[in-house]
Each structure stands twice: as structure tokens, then as C-alpha cells.
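Engineer: Can you read through this structure? Questions will come right after.
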Amino acid sequence: AVVSTQSTGSNIAVVRVTKEEASAAMGEFKRKCEVKIKDQKDKQERDLAEKEIQLEELRKRLEEGREREKEELERINSNFAAEKKQLMETLLSDKDKWLEKLNQMSEDKIAQLEESHQEMRESYNERLGDLSATNTDLQGRLTSTNAQLDSTTTQLDRTT
Numbered sequence: 009a010v011v012s013t014q015s016t017g018s019n020i021a022v023v024r025v026t027k028e029e030a031s032a033a034m035g036e037f038k039r040k041c042e043v044k045i046k047d048q049k050d051k052q053e054r055d056l057a058e059k060e061i062q063l064e065e066l067r068k069r070l071e072e073g074r075e076r077e078k079e080e081l082e083r084i085n086s087n088f089a090a091e092k093k094q095l096m097e098t099l100l101s102d103k104d105k106w107l108e109k110l111n112q113m114s115e116d117k118i119a120q121l122e123e124s125h126q127e128m129r130e131s132y133n134e135r136l137g138d139l140s141a142t143n144t145d146l147q148g149r150l151t152s153t154n155a156q157l158d159s160t161t162t163q164l165d166r167t168t
């Protein structure tokens with residue numbers, strides 16, 4: 009190849025080459041471009057394969073995470089159901105205990121009321137007996153007083 013310069017005010021190199029040299033240079037350039045393109049294509053394919061592997065790993069981890077969440081949710085639901093059942097059993101047991109306690113309290117209250125009623129009846133009967141005795145005593149006194157009055161009235165009538 010022949011290199012020559014022209015003085016046009018700028019540094020421009022003019023290269024004269026033969027057709028064979030140009031064809032060989034073009035062939036070499038084309039080959040280098042094809043190698044570069046092939047290398048880039050291979051690199052992109054490797055990158056794509058690596059990204060697909062990473063994507064598959066992410067999908068796998070996501071699925072495992074979903075499975076763990078599902079298992080955790082099932083465990084929570086199971087625990088909730090067990091706690092709910094236990095609470096219901098406790099409430100029913102407590103209800104039975106409270107009903108038993110209320111029944112006992114009612115029976116105790118009825119017994120107290122019966123005892124109080126009996127005491128009131130006994131007190132009433134005692135008082136009635138006392139009043140009856142007082143009434144008999146007063147009737148006796150009244151009879152005695154009436155008899156004395158009659159006697160006194162009779163004596164007064166005799167003296168008059």
C-alpha cells in the first residue's frame with residue numbers, strides 16, 4: 009500500500025491500495041466482525057442462560073415461600089381452631105359450673121327463706137299464744153270486775 013499526503017490544510021492521509029489488498033482487508037475485517045458478533049452472541053446466550061437459571065431459582069424460591077406461607081397459614085388455622093374449641097369447652101364447663109353454683113345458691117336461698125318463714129311462724133304462734141293468754145287473763149279480770157260491779161251494785165241497791 010502506498011501512503012501519500014496532500015496539503016489541504018488538514019492532516020489527511022490518502023492510502024492507495026490494490027483491489028486484492030482491499031479485498032483481503034475487507035475479508036479480515038469481516039472475519040473479525042463475525043468473530044466479535046459470534047462472541048457477543050455467545051456471551052448473550054450465556055447471560056440469557058444464566059438469567060434463566062436465576063429466574064428458575066427465583067421461581068423455585070417463590071414456590072417454596074408460598075408453600076411455607078400455606079403451611080404456616082394452615083398451622084395458624086389449626087391452632088386457632090384448637091384454641092377456639094378449648095375456649096368453647098372452657099365456656100361450657102364454666103357455664104355448667106355457674107349453673108350449678110346458681111342452683112346451689114337458689115337451694116341455699118330457698119332453705120334460708122324456709123327457715124326464716126318457719127322462724128316467723130314460730131314467732132307468730134308464740135305471740136298468738138301470748139295474746140291468747142293475755143286475752144284469757146283480761147277476760148278473767150273483766151269477768152271478775154263485772155262480778156264485783158254486780159256485787160257492788162247489788163249492795164248499793166240494798167242500802168238504798
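Position one of the sequence shown corresponds to residue 9 (my numbering), numbered consecutively onward.
Virtual Cβ for every residue (Gly too), placed ideally from N, Cα, C.
Note that the structure is predicted; figures quoted are calculated from it, not measured.
(1) Note the first and the last residue of the continuous alpha helix (DSSP H) segment covering Val43.
(2) Tell me which same chain residues have a C-beta within less than 6 Å of the C-beta of Lys44, skipping the five on either side of it?
(3) To the nearest angstrom, report how far apart Arg135 and Gln112 are at their CA atoms.
Structural biologist: On the basis of the coordinates in this document:
(1) Lys27 to Thr167
(2) none
(3) 34 Å
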